[in-house]
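Just so you know, the sequences run in chain order U and G. 153 is the number that full-length UniProt numbering gives the last residue of the first sequence; the numbers go up by one with no jumps. 153 is the number that full-length UniProt numbering gives the last residue of the second sequence; the numbers go up by one with no jumps. Even glycine gets a Cβ: it sits at the ideal position worked out from N, Cα and C.
2 protein chains.
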Amino acid sequence: MELLDETDLKILRILQNDAKKTTKDIAKQLHLTASPVYERIRRLEKKGYIKHYVAILDKKMLNRPVTAICMVSLRYHNEGFIDTFEQQIKELVEVQECYHMAGKVDFFLKIHLEGLEEYHEFVRSKLSKIHNIGVLESYFVLKEVHNTTAIDF
Amino acid sequence: MELLDETDLKILRILQNDAKKTTKDIAKQLHLTASPVYERIRRLEKKGYIKHYVAILDKKMLNRPVTAICMVSLRYHNEGFIDTFEQQIKELVEVQECYHMAGKVDFFLKIHLEGLEEYHEFVRSKLSKIHNIGVLESYFVLKEVHNTTAIDF
DNA sequence: CGTGAAATGATTCTGAT
DNA sequence: ATCAGAATCATTTCACG
Chain U
1 MELLDETDLK
11 ILRILQNDAK
21 KTTKDIAKQL
31 HLTASPVYER
41 IRRLEKKGYI
51 KHYVAILDKK
61 MLNRPVTAIC
71 MVSLRYHNEG
81 FIDTFEQQIK
91 ELVEVQECYH
101 MAGKVDFFLK
111 IHLEGLEEYH
121 EFVRSKLSKI
131 HNIGVLESYF
141 VLKEVHNTTA
151 IDF
Chain G
1 MELLDETDLK
11 ILRILQNDAK
21 KTTKDIAKQL
31 HLTASPVYER
41 IRRLEKKGYI
51 KHYVAILDKK
61 MLNRPVTAIC
71 MVSLRYHNEG
81 FIDTFEQQIK
91 ELVEVQECYH
101 MAGKVDFFLK
111 IHLEGLEEYH
121 EFVRSKLSKI
131 HNIGVLESYF
141 VLKEVHNTTA
151 IDF
């Protein structure tokens with residue numbers, strides 16, 4: 001089940017940093033022609049190594065300058081309660097990421113908003129509507145020191 | 001300075017979910033032809049609304065199944081210390097995101113690793129080499145409930 | 001697995017409204 | 001701003017080493 005060789009890995013490293021690189025450019029960089037690069041990319045997509053392609057937008061220019069991190073602990077931890085919580089969170093469009101955690105808290109949310117007032121409103125009218133939340137701790141991002149979708153491998 | 005109309009917003013919403021949609025497809029969806037869509041995308045790129053295009057890869061298939069969240073508090077908070085910390089963090093390839101926070105902790109890190117042993121090794125040989133770290137709290141992701149790069153606007 | 005060339009289709013540009 | 005068409009360039013397929 002050794003599916004990827006060094007060439008595949010190089011292609012993935014290039015595409016996760018710039019998905020607009022042409023197969024021709026990638027081929028040149030890897031001293032190949034376009035066809036094998038094309039076929040490899042197709043294979044990497046089909047096998048699921050590449051999940052999808054996205055444009056990364058500027059949050060501030062789109063009027064979502066505030067990033068909040070919420071740490072949530074549930075009151076009850078039955079399976080049903082956890083599933084319900086997850087379903088309800090997925091319906092909140094402000095929530096970009098939600099992880100079920102091991103550690104002192106149960107869930108971890110990353111939220112993008114227009115401002116602090118909107119955060120207050122988000123907590124008041126949306127989060128608080130979700131029952132079973134025990135503890136809610138809020139943090140705000142002062143500065144994005146580093147933020148990439150690429151992973152190191 | 002009202003630069004974006006509803007058509008621009010629609011284009012951005014499409015591209016942040018699927019950057020491989022062709023201008024032709026987008027044009028059809030918006031009842032336009034390829035040329036204006038093409039020009040708008042170029043303008044959105046040039047003005048900085050679109051930062052870049054990336055491929056989203058499958059972490060597990062690339063042998064980085066463990067996501068850890070670190071909450072770090074510094075011992076000293078002078079400007080120089082903070083800058084130094086940020087510089088050092090940026091050099092750690094395992095760190096995908098790092099935010100300077102307002103709240104009970106100073107920094108917030110998201111880290112992708114091969115396993116728990118590698119996390120131990122990461123803390124032992126890399127994080128602990130950064131002086132000025134006061135408190136370090138670790139959390140591990142049990143389940144990705146929701147994770148997107150798209151924002152709602 | 002690779003190459004190179006041919007067919008297809010998308011992008012980019014031009015001229016006009 | 002938009003459209004329609006033409007030119008250019010990238011993607012995709014295929015015959016072959």
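Can you find the residues in the same chain that come closer than 8 Å, C-beta to C-beta, to residue i, ignoring five residues on each side of it along the sequence?
| i | result |
| --- | --- |
| G/Gln-96 | Lys-110, Ile-111 and His-112 |
| G/Leu-30 | Thr-7, Lys-10, Ile-11 and Val-37 |
| G/Lys-47 | Leu-3 |
| G/Gly-115 | Pro-65 and Val-66 |
| G/Arg-40 | Thr-7, Asp-8 and Ile-11 |
| G/Thr-84 | Asn-132 |
Rounded C-beta distance between residue i and residue j? I'm assuming under 8 Å.
| i | j | result |
| --- | --- | --- |
| U/Leu-92 | U/Lys-126 | 6 Å |
| G/Arg-13 | U/Phe-153 | Not confirmed; about 30 Å, so no contact. |
| U/Cys-98 | G/His-77 | Not confirmed; about 30 Å, so no contact. |
| G/Lys-51 | U/Leu-57 | 7 Å |
Chain G partners of residue i, CB-CB under 8 Å?
| i | result |
| --- | --- |
| residue 155 of chain U | Because chain U here runs from 1 to 153, residue 155 of chain U falls outside it and cannot be looked at. |
| U/Val-145 | Glu-86, Ile-89, Lys-90, Cys-98, Tyr-99, His-100 and Phe-107 |
| U/Leu-142 | Tyr-99, His-100, Met-101 and Ala-102 |
Apart from the five residues just before and just after residue i, which ones in its own chain have a Cβ nearer than 6 Å to its Cβ?
| i | result |
| --- | --- |
| U/Ala-34 | Thr-23, Lys-24 and Ala-27 |
| U/Val-141 | Thr-67 |
| G/Ile-130 | Gln-88 |
| G/Ala-150 | Gln-16 and Asn-17 |
| U/Arg-75 | Asn-132 and Gly-134 |
| U/Glu-137 | Met-71 |
| G/Leu-44 | Ile-50 |
| G/Lys-21 | Ile-14 |
Assuming contact is defined by CB atoms lying nearer than 7 Å, are residue i and residue j in contact in what I supplied?
| i | j | result |
| --- | --- | --- |
| G/Asp-106 | G/Ser-128 | no |
| G/Tyr-139 | G/Ile-69 | yes |
| U/Ala-55 | G/Tyr-49 | no |
| U/Met-61 | U/Phe-108 | no |
| G/Ala-19 | U/Ala-19 | yes |
| U/Lys-90 | G/His-100 | no |
| U/Glu-94 | U/Phe-122 | yes |
Going along chain U in order, which residues have a C-beta closer than 7 Å to the C-beta of residue i?
| i | result |
| --- | --- |
| G/Glu-79 | Residues of chain U passing the Cβ test: none, with the nearest at roughly 12 Å. |
| G/Ile-151 | Leu-57, Lys-59, Leu-62, Arg-64, Gln-96 and His-112 |
In chain U, which residues lie less than 9 Å from residue i when you measure between Cβ atoms?
| i | result |
| --- | --- |
| residue 159 of chain G | Nothing can be reported for residue 159 of chain G: it is not among the residues displayed for chain G, which extend from 1 to 153. |
Interface residues of chain G around residue i at Cβ under 9 Å?
| i | result |
| --- | --- |
| U/Ile-133 | Ordered by position in chain G, no residue passes the 9 Å Cβ test against U/Ile-133, which lies about 14 Å from the chain. |
| U/Ile-130 | Within chain G, no residue comes near U/Ile-130; the closest Cβ sits about 13 Å away, beyond 9 Å. |
With a threshold of 6 Å, establish whether the CB of residue i neighbours any heavy atom of the ligand NAD.
| i | result |
| --- | --- |
| G/Gln-29 | As presented, the structure is devoid of all ligands, the ligand NAD included, so that no description of it is given. |
What residues in its chain sit with their C-beta under 7 Å from that of residue i, if we drop five residues either side in the sequence?
| i | result |
| --- | --- |
| G/Phe-81 | Leu-74 and Asn-132 |
| G/Glu-117 | none |
Next on the checklist: Any C-beta of chain U within less than 8 Å: which residues of the UniProt domain "HTH asnC-type" (4-65) of chain G qualify?
Outcome noted: Residues passing the 8 Å Cβ filter: Leu-12, Leu-15, Gln-16, Asn-17, Asp-18, Ala-19, Lys-20, Lys-47, Gly-48, Tyr-49, Ile-50, Lys-51, His-52, Tyr-53, Val-54, Ala-55, Ile-56, Leu-57, Asp-58, Lys-59, Met-61, Leu-62, Asn-63 and Arg-64.
Item to check | Proximal residues, the region 81-94 of chain G versus chain U, C-beta separation under 7 Å | outcome: Those residues of the region 81-94 of chain G placed with their C-beta closer than 7 Å to a C-beta in chain U are Glu-86, Ile-89, Lys-90, Val-93 and Glu-94, ordered along the chain.
Checklist entry - According to a CB-to-CB cut-off of less than 8 Å, which residues of the region 114-128 of chain U neighbour chain G? => result Of all residues in the region 114-128 of chain U, none has a Cβ within less than 8 Å of some Cβ in chain G.
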